[in-house]
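Peer 1: Just so you know, we're using the numbering used here here: the sequence shown kicks off at 157 and counts up by one. Backbone N, C-alpha and C fix where the C-beta goes; we use that ideal spot for every residue, glycine too.
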Amino acid sequence: MSLLTIILNILLPPLPVFLKHGLGTTFLINLILTIIGWLPGVIHAFIVND
Numbered sequence: 157m158s159l160l161t162i163i164l165n166i167l168l169p170p171l172p173v174f175l176k177h178g179l180g181t182t183f184l185i186n187l188i189l190t191i192i193g194w195l196p197g198v199i200h201a202f203i204v205n206d
């Protein structure tokens with residue numbers, strides 16, 4: 157995982173998920189988790205972009 161991906165995972169979790177997986181269920185799950193709370197979105201982004 158690159159430094160840019162790590163920074164984007166922390167600042168704006170849906171963006172790196174979208175860049176890696178496109179518009180799909182993974183992106184939508186991350187978007188919903190980020191809207192509910194920032195931390196669940198960050199955790200999900202790190203797990204998915206491993």
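Where does L181 land, buried or exposed, given buried means 16+ other C-beta within 10 angstroms?
Peer 2: Looking up residue 181 in the sequence shown gives position 25. Reading off the sequence shown, one finds Thr at residue 181, where the question assumed Leu. By the neighbour-count rule (16 or more Cβ atoms within 10 Å), T181 is not buried but exposed.
Peer 1: Mark G197 as exposed unless 16 or more other C-beta atoms lie within 10 angstroms of its C-beta, in which case mark it buried.
Peer 2: To locate residue 197, count along the sequence shown from 1; it is residue 41. With 16 or more other Cβ atoms within 10 Å, it is buried.
Peer 1: Ignore the nearest five residues each way along the sequence and tell me which others in L171's own chain have a CB closer than 7 Å to its CB.
Peer 2: Position 15 of the sequence shown, counting from 1, holds the residue named residue 171. The answer, listed in chain order, is L164.
Peer 1: Cα separation between F202 and S158?
Peer 2: For this step, residue 202 is matched to residue 46 along the sequence shown. For this step, residue 158 is matched to residue 2 along the sequence shown. Looking at the two C-alpha atoms, the distance is approximately 12 Å.
Peer 1: Should L160 be labelled buried (16 or more other beta-carbon atoms within 10 Å of its own) or exposed?
Peer 2: In the sequence shown, the residue the question calls residue 160 occupies position 4. Its Cβ having fewer than 16 others within 10 Å, L160 is exposed.
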